[in-house]
Structure formats: C-alpha cells, structure tokens
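Below you'll find the structure, written out as structure tokens, and then a few comments.
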C-alpha cells in the first residue's frame with residue numbers, strides 16, 4: 001500500500017479570500033470563537049511600553065477601553081498591560097465609557113518608570129554583586145517603581161489579561 005502523506009497546508013490554487021474572518025485548517029480542533037473585543041499589546045521594551053500608553057489613552061478617550069473583554073500582551077506591552085490590569089478595579093468609567101482618572105492611575109506611573117534606567121543597573125548589579133541575578137534586580141526595580149506587591153492573583157477577572165513572557169533563567 002502506497003499511502004501518500006497529506007500536507008495540512010492548502011495548495012496555492014486553493015488559496016482565496018472568503019468572507020470568513022478565520023480559515024479553518026482541517027487538522028485543528030474546531031472551537032467556537034469567543035464574542036467580544038480584544039486588544040493585543042506587542043513587545044519592544046520601553047518603546048513598546050510608551051507606545052502602548054498612547055494606544056490605551058486614545059482608546060479610553062473614545063470610550064473603547066471600557067468595552068475590552070481581553071487584553072493580551074508580550075514583553076514591553078506586558079509592562080503597560082500589567083499597570084492597566086492592577087489599576088482596572090480602581091478605574092471608574094463615566095456614562096461615555098471614559099475612565100476619568102486614567103492618566104494619574106495608568107499613564108503617570110508608566111511615564112515615571114520610563115525615566116528610570118533599570119536595564120543597565122540590573123545588568124551591572126547582577127554581574128557584579130554576589131547572590132543576585134540580573135532578573136532579581138529587574139524584578140526589584142519593577143516592584144519599586146510600578147507593581148509593589150501585586151501578583152497575578154490580584155488581577156481582575158474581567159477583562160481577562162493574558163500576560164505572555166519568557167524566563168531566561
């Protein structure tokens with residue numbers, strides 16, 4: 001018996017635009033798409049953190065921030081998402097869906113953090129001091145300047161925050 005292995009990818013002549021937002025791939029388990037609005041914040045260090053401040057700020061101004069069901073982030077975007085998440089329960093949205101204290105609760109702490117150079121300090125201390133690592137020093141700086149003792153368990157149930165990260169230890 002000469003069984004040919006089938007490729008999970010369609011042949012080039014089978015590719016075409018459809019009115020479906022997501023194309024089903026035959027070897028994937030079909031799942032019902034969740035309803036709602038999601039926001040993805042990408043990585044890129046401090047620049048991403050600062051860029052995403054502007055994104056969130058504008059979404060708040062137009063009343064979309066309050067409608068988010070999920071926020072997913074990675075790397076520098078996770079810094080901004082983390083500050084939003086830990087302050088979400090304290091944001092009071094008005095009848096237009098605008099959090100009036102957004103700037104002091106979310107923007108100002110992130111701007112203050114941007115004035116700090118934790119990368120160089122963490123690297124030098126992590127290399128030069130015994131019994132500490134670069135990541136230990138970075139964690140200490142993030143706790144000091146942004147997150148204090150906040151943990152993932154302290155984040156709100158709604159919207160759902162998906163914080164993606166890599167541990168290089």
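Numbering (UniProt numbering), first residue to last: 1 to 169. The beta-carbon is built from N, C-alpha and C at its ideal position, and this holds for glycine as well.
Just the C-alpha distance for residue i and residue j, rounded to the nearest angstrom, thanks.
i: residue 151; j: residue 62; result: 30 Å
i: residue 65; j: residue 57; result: 8 Å
i: residue 148; j: residue 86; result: 10 Å
i: residue 40; j: residue 116; result: 25 Å
i: residue 136; j: residue 82; result: 18 Å
i: residue 36; j: residue 52; result: 20 Å
i: residue 79; j: residue 154; result: 15 Å
i: residue 91; j: residue 99; result: 6 Å
i: residue 157; j: residue 108; result: 24 Å
i: residue 70; j: residue 140; result: 28 Å
i: residue 89; j: residue 102; result: 12 Å
i: residue 50; j: residue 31; result: 35 Å
i: residue 104; j: residue 33; result: 35 Å
i: residue 110; j: residue 74; result: 16 Å
i: residue 68; j: residue 60; result: 10 Å
i: residue 145; j: residue 114; result: 10 Å
i: residue 164; j: residue 112; result: 23 Å
i: residue 54; j: residue 95; result: 22 Å
i: residue 106; j: residue 84; result: 6 Å
i: residue 159; j: residue 93; result: 14 Å
i: residue 142; j: residue 45; result: 13 Å
Kindly identify the DSSP beta-bridge partner or partners of residue i.
i: residue 39; result: 71
i: residue 55; result: None; residue 55 has no bridge partner.
i: residue 163; result: 73
From the DSSP output, in three-state form, read off residue i for me.
i: residue 149; result: coil
i: residue 31; result: coil
i: residue 157; result: coil
i: residue 45; result: helix
i: residue 143; result: helix
Rounded C-beta distance between residue i and residue j? I'm assuming under 8 Å.
i: residue 43; j: residue 76; result: 5 Å
i: residue 48; j: residue 72; result: Contact flag wrong, Cβ pair sits at about 14 Å.
Would a check of beta-carbon distances place residue i closer than 8 Å to chain C?
i: residue 77; result: In summary, chain C is missing from the structure at hand, where a single protein chain is found.
Inset, instruction - Mind listing, in chain order, the continuous alpha helix (DSSP H) runs of no fewer than 4 residues lying wholly within the region 58 to 107? - result: 76 to 87
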